[in-house]
Amino acid sequence: MIPRCFGIGRVVKRSPWNSGEVFVLDLSIPINCVLRHHRNREDLYDWEYRVFLFFILYVGMTAAEKNSIIEMLAPMLDTDGIELVDVETHSKTLRLLIYKRDGLSVADCQMVNQVVRPILEVHEHLANYAQLEVASPGIDRPLRTAKDFQRNCGRTVQIEIIAQNDHTRQIQGTVVEVHPEEVVLTQAHGKDISVKISQILNARIHLKW
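To convert, note that position 154 of the sequence shown is 504 in this note's numbering; the numbers rise steadily by one, no gaps.
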């Protein structure tokens, strides 16, 4: 997996009149856009627009990459009654959030570590991560799957969905029914609404303080 990076840098354009004059502009540019066309250092410095990078910021994995990792690792853990509910990354650390119906033990976390670590060292999408962390998800973690909503049946949730014309819509309600492809919420005014899980951008338990 190639990290998406952005660099704070400087682009210098040579004068078209060969007068030795240069035009300087400081800005943020996507580093991968440069590296995609310039595979080595010599090509980069021969480029008309020279780029001087000051530092690199790691942005993280995409939703598709996260889902791919979950789909790959989840079946390996499911036989022990452990569910992989989410994956987080921070720099070189891969963090697995796991759930077990009867509660997690230290031995469960050690088992997951032993199963996943050998894969971490050889798999092309995971080899960039030098550290592995295993933890139980917090109450404010995102709800992603039908199982997530099933575990929180009876609780009030806040959901952001994709609406018409690619706009987003906020919905709040109590989870009353959960189906493989959709969840049914009862809103504050008493009306039920069905939400397709595939339309959900973000969903969390609504915490009352």
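Just so you know, even glycine gets a beta-carbon here, dropped at the ideal spot from N, CA and C.
None of the values given here were measured: they were computed from a predicted structure.
Residue i classed as buried or exposed, judged by whether at least 16 other C-beta atoms fall within 10 angstroms
{"i": "residue 515", "result": "exposed"}
{"i": "residue 504", "result": "exposed"}
{"i": "residue 557", "result": "exposed"}
{"i": "residue 533", "result": "buried"}
{"i": "residue 430", "result": "exposed"}
{"i": "residue 540", "result": "exposed"}
{"i": "residue 526", "result": "exposed"}
{"i": "residue 507", "result": "buried"}
Three-way DSSP call (helix, strand, coil) for residue i in this model
{"i": "residue 470", "result": "helix"}
{"i": "residue 552", "result": "strand"}
{"i": "residue 516", "result": "helix"}
{"i": "residue 476", "result": "coil"}
{"i": "residue 558", "result": "coil"}
{"i": "residue 562", "result": "Residue 562 falls outside the range modelled here, since the chain spans only 351 to 559, and no answer is possible."}
{"i": "residue 419", "result": "helix"}
Where the beta strand (DSSP E) through residue i begins and ends
{"i": "residue 544", "result": "542-546"}
{"i": "residue 481", "result": "481-485"}
{"i": "residue 432", "result": "432-440"}
{"i": "residue 532", "result": "532-536"}
Sequence-distant residues of the same chain with beta carbon closer than 6 Å to residue i, five excluded per side
{"i": "residue 393", "result": "Note that residue 393 scores 43 on pLDDT, short of 50, meaning its location in the model is unreliable; the coordinates nonetheless yield the value given after this. Excluding sequence neighbours, residue 393 sits near nothing in its chain."}
{"i": "residue 411", "result": "439"}
{"i": "residue 513", "result": "519"}
Cut-off 8 Å between Cβ atoms - residues of its own chain near residue i, not counting five sequence neighbours on either side
{"i": "residue 483", "result": "443, 444, 445, 446"}
{"i": "residue 310", "result": "In this structure the chain extends from 351 to 559, so residue 310 is not present and cannot be described."}
{"i": "residue 448", "result": "427, 432, 433, 434, 435, 454, 458, 459, 462, 484, 485, 486, 487"}
N-terminal and C-terminal residue of the alpha helix (DSSP H) that residue i is part of
{"i": "residue 445", "result": "Element bounds for residue 445: not the alpha helix (DSSP H) but the beta strand (DSSP E), 443-450."}
{"i": "residue 498", "result": "496-501"}
Same chain, Cβ closer than 7 Å to residue i, neighbours up to 5 away in sequence not counted
{"i": "residue 530", "result": "496"}
Proximity test, Cβ basis, 8 Å: residue i and chain D
{"i": "residue 473", "result": "In the structure shown, chain D does not exist; there is a single protein chain."}
Query raised in the report: Is there contact here, the segment 451-458 with the segment 416-423, by at least three beta-carbon pairs under 8 Å?
Result: Taking 8 Å as the limit for Cβ pairs, the verdict is that the segment 416-423 does not touch the segment 451-458.
**Report entry** Touch test, the segment 544-558 against the segment 491-509, Cβ-Cβ under 8 Å, three pairs minimum
**Finding:** Under the 8 Å Cβ criterion, the segment 544-558 counts as touching the segment 491-509, having at least three qualifying pairs.
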